[in-house]
Structures are given as structure tokens and as C-alpha cells.
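Number of protein chains: 2
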Amino acid sequence: MKYPSGIKSKKTVNYSNRGMSLEYDLNITNEYYLNIGKASIYKKPTPITVTKVDYKLKVAKITEGFFDTPSTTDYNGIYKGKYIDFEAKETKLEYFPLNNIHNHQIKHLVTISKLGGIGFIIVRFNKFNETYLLKIEDFISFIETEKRKSIPINYFREKGYIIKDGYNPRIDYLSIVNNFIEGESV
Amino acid sequence: MKYPSGIKSKKTVNYSNRGMSLEYDLNITNEYYLNIGKASIYKKPTPITVTKVDYKLKVAKITEGFFDTPSTTDYNGIYKGKYIDFEAKETKLEYFPLNNIHNHQIKHLVTISKLGGIGFIIVRFNKFNETYLLKIEDFISFIETEKRKSIPINYFREKGYIIKDGYNPRIDYLSIVNNFIEGESV
Numbered sequence: 002m003k004y005p006s007g008i009k010s011k012k013t014v015n016y017s018n019r020g021m022s023l024e025y026d027l028n029i030t031n032e033y034y035l036n037i038g039k040a041s042i043y044k045k046p047t048p049i050t051v052t053k054v055d056y057k058l059k060v061a062k063i064t065e066g067f068f069d070t071p072s073t074t075d076y077n078g079i080y081k082g083k084y085i086d087f088e089a090k091e092t093k094l095e096y097f098p099l100n101n102i103h104n105h106q107i108k109h110l111v112t113i114s115k116l117g118g119i120g121f122i123i124v125r126f127n128k129f130n131e132t133y134l135l136k137i138e139d140f141i142s143f144i145e146t147e148k149r150k151s152i153p154i155n156y157f158r159e160k161g162y163i164i165k166d167g168y169n170p171r172i173d174y175l176s177i178v179n180n181f182i183e184g185e186s187v
Numbered sequence: 002m003k004y005p006s007g008i009k010s011k012k013t014v015n016y017s018n019r020g021m022s023l024e025y026d027l028n029i030t031n032e033y034y035l036n037i038g039k040a041s042i043y044k045k046p047t048p049i050t051v052t053k054v055d056y057k058l059k060v061a062k063i064t065e066g067f068f069d070t071p072s073t074t075d076y077n078g079i080y081k082g083k084y085i086d087f088e089a090k091e092t093k094l095e096y097f098p099l100n101n102i103h104n105h106q107i108k109h110l111v112t113i114s115k116l117g118g119i120g121f122i123i124v125r126f127n128k129f130n131e132t133y134l135l136k137i138e139d140f141i142s143f144i145e146t147e148k149r150k151s152i153p154i155n156y157f158r159e160k161g162y163i164i165k166d167g168y169n170p171r172i173d174y175l176s177i178v179n180n181f182i183e184g185e186s187v
């Protein structure tokens, strides 16, 4: 099939995760979930302390500000009436360094789980093009029994749930969460 | 009782809402809920688009940025396993102007309610020192039947739930939410 110059065949679209950021994939996945009325899950804005603002312009312009440490995780929302909460990280390594996640974020996810919500982390291993969902319970069980400062990919392969790539939804992590919910009600 | 100069008697602390911002009250209330393990509810950071950052300093400094329109409401979290979502506003008027809340925030709260969450607004009428919780369903029913561009305080008095001031928690809005949850399960 011939396309006018400048318009590329849709066949060249690559649905694999290579080159795409996990954040981008999660954003379009969450948009899709929202559009089909399946779930409402958002990424929280980065917390910033604004110290100087110029109000003289048409639009207020921040002229001085600093990044804060987030108090919670990046993503939360609702699916099937359940409160969902997670942190998402990418790594180029063959393991997930524990210093990639703040202690208070881990504590936050534990609290969520105690309160009846579903808390987890999503980790993408870029080297292997594999993305996993790991429940906070399994994350805690690792850090409580191991002294290592990182979680090897094999632990994710064993205890985590692989999230497959797709077109729409891009990374269907709620299909895994759905199994947790169905499992509960059996 | 005599106090050294500069230290005021604790008796002068005023527990009424006068002069305190609703945001402040909600923050310390949510902190209290979190500390006693009752709920995990947070205010989302203000969304900001950062356009210039100075990385030359010890701490990265934002030198240009702009305020974005929030996509959702300000507060969300979990209580008794339920997903909670709300927007909080103060007004000096005797009515709540509808342009105080964005259309997409209303739409968001409706979505939350459809998905099985508990969505509402909290409005403080500073003039009367009265703070109300109004369910999104009652908010929608007003804007669908009335053509006014504001909701009079009387509608809040009739359909809403007054949130009483206290010491700890400061404004115990979850006691009202609790009644919704208990009502559901009966």
C-alpha cells in the first residue's frame, strides 16, 4: 500500500515496550481504563514547594520552586470499588535496587494494605523488556527475610506477576488486580 | 496561672474554625486519622508544569514553571476499605458559587460514585462558621434541577451533613462517611 509522503504505514508501529517509558504506558493505559468506565486511576503531580511567583504576567509564572519528597506513592485510584495504590519504577539493571523506593512509600503501601486496599509496585526491567507487578506483601516478605539491598529479577519472576504488552490497554495491569479481587471473593 | 513572658496559656487556644483555613483543618484531621490507623487520605500536590530547572546548585531549583488545571479533586484515599474522593472549598458568601468547582472535577466525582467509591464536596461557609459535607449525588441533583449559578447555604443545611468542630480530630468528616458505609451494609 502506498502512503503520501510524510505519512508512514501504521504497520510500522511497534507495540513492544522498547523505547517507551513505563510512565507513558501507564498514563495511556489509565486513560483507556477511564474511557471505558473500568477504573479511575491517576498519577499524582510531583510535589513542589513554590517560593516565588510572578503575577504581573497574563498567566502566573513560578520563578522559584523546589522539588519535595513525595509523601505517598505516584498512582492511586479505584477499580471495582477497591482502593488501588502503587509505585512504578524502571531499571536497566538485572535487579531492583531498594533505594529506588523511599521507606515512607513502602510504609504507605503497607498502611493501604492494612486498611483493605490493594497496594503493589510495578517494576520494568528494561534489559529484559519484562514488567512485573509485585504485591506489597511479597515485597515486605523479601526485605524482611533477605539482607540484600536489591531484589533480583528472579524474585519478581517467581513471586510477581508479569504484565503483558498490548495495544489497548497498553499494559493491562488491572487484569492481574482483578484476579486478586476475584480470589478474595471466592 | 502565670506563664513566662512569650509563652501564652494553652487556654487561649481557640478550637473553633474562625481564622483557620479548611485546608489546614483537613490536613491535621487526615494526619490524625493516619496516626490512629483509621484512614489514609491525602491532599494531592498542585499540578505544575516545570519548564526550567537549575541543576547547578546543591538542590535542583525550579526557575520557571506554570500552574496547571488539576485533572481530579484535591483529596483522595481509603477508609474502611472504601475509596474516598472529595474537593474542599471555602466561601465568604451565603451561597456556594458553582464556578468554584471545575466541570471536570464534578465529572470525576460522578465517575468515582459510579465505580463504587464515595465522592463528595466539603464546603465551609466562613460567615456562618458552618462546614458541610454534600454527597456528589445531591450536588448533581441540584445542578440538574436548578438553573442557578450557585447553591444557597440552605440547600447544604437541608441535604448536606454538618461537620462539627473538635479538637482531635479537628473536623471529623469520616464520622459522616461512616454513616454512609453503615447504611449501605444494612
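Protein chains in written order, with the working numbering: chain A, 2 to 187; chain B, 2 to 187. Think of the CB as a built atom: it goes at the ideal place given N, C-alpha and C, for glycine as much as any other residue.
For residue i, which of the options has the nearest alpha-carbon?
| i | options | result |
| --- | --- | --- |
| GLU88 (chain B) | B:PHE140, B:THR50, B:LEU116 | B:PHE140 |
| LEU134 (chain B) | B:ILE119, B:LYS128, B:ILE123, B:GLU91 | B:ILE123 |
| ASP166 (chain A) | A:GLU131, A:ARG158, A:LYS45 | A:GLU131 |
| SER41 (chain B) | A:ILE113, A:TYR25, A:PHE129, A:VAL178 | A:ILE113 |
| LYS62 (chain B) | A:THR50, A:VAL178, A:ASN127, A:LYS136 | A:THR50 |
| ILE37 (chain B) | B:TYR80, B:ASP26, B:GLY161, B:VAL111 | B:TYR80 |
| GLY117 (chain A) | B:ILE137, B:GLY82, B:LYS93, B:LYS108 | B:GLY82 |
| GLY120 (chain B) | B:PHE126, B:LYS128, B:LYS108 | B:LYS108 |
| LYS115 (chain A) | B:LEU35, B:ASP26, B:ASN28 | B:LEU35 |
| GLU147 (chain B) | B:LEU99, B:THR73, B:LYS39, B:LEU27 | B:LEU99 |
| ASN28 (chain A) | A:VAL60, A:GLU185, A:GLY78, A:LYS59 | A:GLY78 |
| PHE181 (chain A) | A:PHE143, A:GLY161, A:ASN169 | A:GLY161 |
| VAL60 (chain A) | B:LYS59, B:GLU138, B:PHE67 | B:PHE67 |
| PRO48 (chain B) | B:ASN169, B:SER72, B:GLN106, B:LYS39 | B:SER72 |
| ASN104 (chain A) | A:LYS39, A:ILE144, A:TYR168, A:ASN179 | A:ILE144 |
| VAL178 (chain A) | A:LYS39, A:ASP26, A:TYR25 | A:LYS39 |
| GLU24 (chain B) | B:SER176, B:ARG125, B:GLU183, B:PHE129 | B:ARG125 |
| PHE129 (chain B) | B:ASN155, B:ARG149, B:ASP55 | B:ASN155 |
| ASP26 (chain A) | A:ASN169, A:GLU183, A:SER176 | A:ASN169 |
Does the Cβ-Cβ distance between residue i and residue j come in under 7 Å?
| i | j | result |
| --- | --- | --- |
| PHE97 (chain B) | SER22 (chain B) | no |
| ILE163 (chain A) | TYR174 (chain A) | no |
| ARG171 (chain B) | THR30 (chain B) | yes |
| LYS44 (chain A) | ASP69 (chain A) | no |
| GLU65 (chain A) | LYS53 (chain A) | yes |
| PRO46 (chain A) | PRO46 (chain B) | yes |
| TYR84 (chain B) | TYR84 (chain A) | yes |
| ASN127 (chain A) | GLU185 (chain A) | no |
| ILE137 (chain B) | LEU94 (chain B) | no |
Among all the DSSP beta bridges, which residues are the ones paired with residue i?
| i | result |
| --- | --- |
| ASP86 (chain B) | B:ASN77, B:GLY120 |
| LEU134 (chain A) | A:ILE123, A:TYR162 |
| LYS53 (chain A) | A:GLU65 |
| THR70 (chain B) | In the DSSP output, where bridge partners are listed per residue, THR70 (chain B) has none listed. |
| TYR43 (chain A) | A:ASN77 |
| ILE152 (chain B) | B:PHE97 |
| GLU91 (chain A) | A:ARG125 |
Kindly indicate if chain B contains any beta-carbon less than 7 Å away from that of residue i.
| i | result |
| --- | --- |
| TYR162 (chain A) | no |
| LYS45 (chain A) | yes |
| SER188 (chain A) | Because chain A spans 2 through 187 in this model, residue 188 (chain A) falls outside it and cannot be assessed. |
| GLY82 (chain A) | yes |
| PRO153 (chain A) | no |
| ILE137 (chain A) | no |
| PRO48 (chain A) | yes |
Give a yes or no on whether the minimum CB-CB distance between residue i and chain A is below 7 Å.
| i | result |
| --- | --- |
| ILE29 (chain B) | no |
| ILE172 (chain B) | no |
| ILE8 (chain B) | Any reading at ILE8 (chain B) must be qualified, since the residue scores a pLDDT of 40, below 50, and its modelled position is unreliable; no value is offered. |
According to a CB-to-CB cut-off of less than 9 Å, which residues of the stretch 104-123 of chain A neighbour chain B?
HIS109, THR112, ILE113, LYS115, LEU116, GLY117, GLY118
Taking beta-carbon pairs under 9 Å, can you tell me which members of the stretch 53-79 of chain B lie near chain A?
VAL54, VAL60, ALA61, LYS62, ILE63, THR64, GLU65, GLY66, PHE67, PHE68, ASP69, PRO71, SER72, THR73, ASN77, GLY78, ILE79
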